[in-house]
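The sequence shown begins at 1 in our numbering and counts up by one.
Even glycine gets a Cβ: it sits at the ideal position worked out from N, Cα and C.
Presented below is the structure to which this report refers.
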Amino acid sequence: MTDYSRMKEDLNLIRENHIRINLLVCQLKTLRDDGLATAYSGAIDYAKERVQASHDPDGKLINTIEKLNRQIERMEARVIELREDGKYLEGLLEKAPGLSGEIARAYYLGGRGMRYISKATSYSTRQCWRHVDVAINWLVQEVNKNEKNNL
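Below is the structure:
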């Protein structure tokens, strides 16, 4: 049986993961842009093979680009890992009905602040939090219902 506080903790983890994903995506874009800028500068000779320790500027540039590529691969793997966490709850949250569901999705999945949501909906932050509570209670009922059906 899932309770309200456990559900809220799980949703907060999902929110943190979405914020991390957005940050990683921005960092990936920056890294890719830096790599492309370096490649377009004309300093790379793609005919050369990887040079380990060299005083050759092209060799150093190639090593730097390879380090960037490895960093990009690690970040992409982390994004995939973060997206897998909480996939079930995200799917349920997408189905949450009404304004309560919309506000909860904006907060937990969209990473929006409650003040922003409050201004966008013309509700006070207190009312928005009440809507989030309604959505969390709905999620608890759905999870518990699904657990009963799976038994």
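{"Check": "Separation of lysine 8 from isoleucine 14, as counted between CA atoms", "Outcome": "10 Å"}
{"Check": "8 Å Cβ shell around valine 140 - same chain, five flanking residues per side excluded", "Outcome": "Thr2, Asp3, Tyr4 and Met7"}
{"Check": "Secondary structure of alanine 47, DSSP reduced to three states", "Outcome": "With a pLDDT of only 48 at alanine 47, under the threshold of 50, the placement of this residue in the model should not be trusted, and no figure is reported."}
{"Check": "Three-state secondary structure (DSSP) of aspartate 3", "Outcome": "coil"}
{"Check": "Glycine 111 to leucine 31 span [Cα, whole Å]", "Outcome": "23 Å"}
{"Check": "Exposed unless 16 or more other CB atoms sit within 10 angstroms - verdict on serine 100", "Outcome": "buried"}
{"Check": "Through-space distance from asparagine 63 to glutamate 142, alpha-carbon basis", "Outcome": "52 Å"}
{"Check": "Expected contact under 8 Å - CB spacing of asparagine 17 and leucine 82 to nearest Å", "Outcome": "5 Å"}
{"Check": "Aspartate 10, buried or exposed, once every other Cβ within 10 Å from all chains shown has been counted against 16", "Outcome": "buried"}
{"Check": "Reduced DSSP secondary structure (H/G/I, E/B, other) of tyrosine 123", "Outcome": "coil"}
{"Check": "Residues near glutamate 90 in its chain [Cβ-Cβ closer than 8 Å; skip 5 each side]", "Outcome": "Ile14 and Leu109"}
{"Check": "Same chain only: Cβ atoms within 8 Å of glutamine 27, ignoring 5 sequence neighbours per side", "Outcome": "Met75"}
{"Check": "Cβ neighbour criterion (16 or more within 10 Å) applied to isoleucine 136", "Outcome": "buried"}
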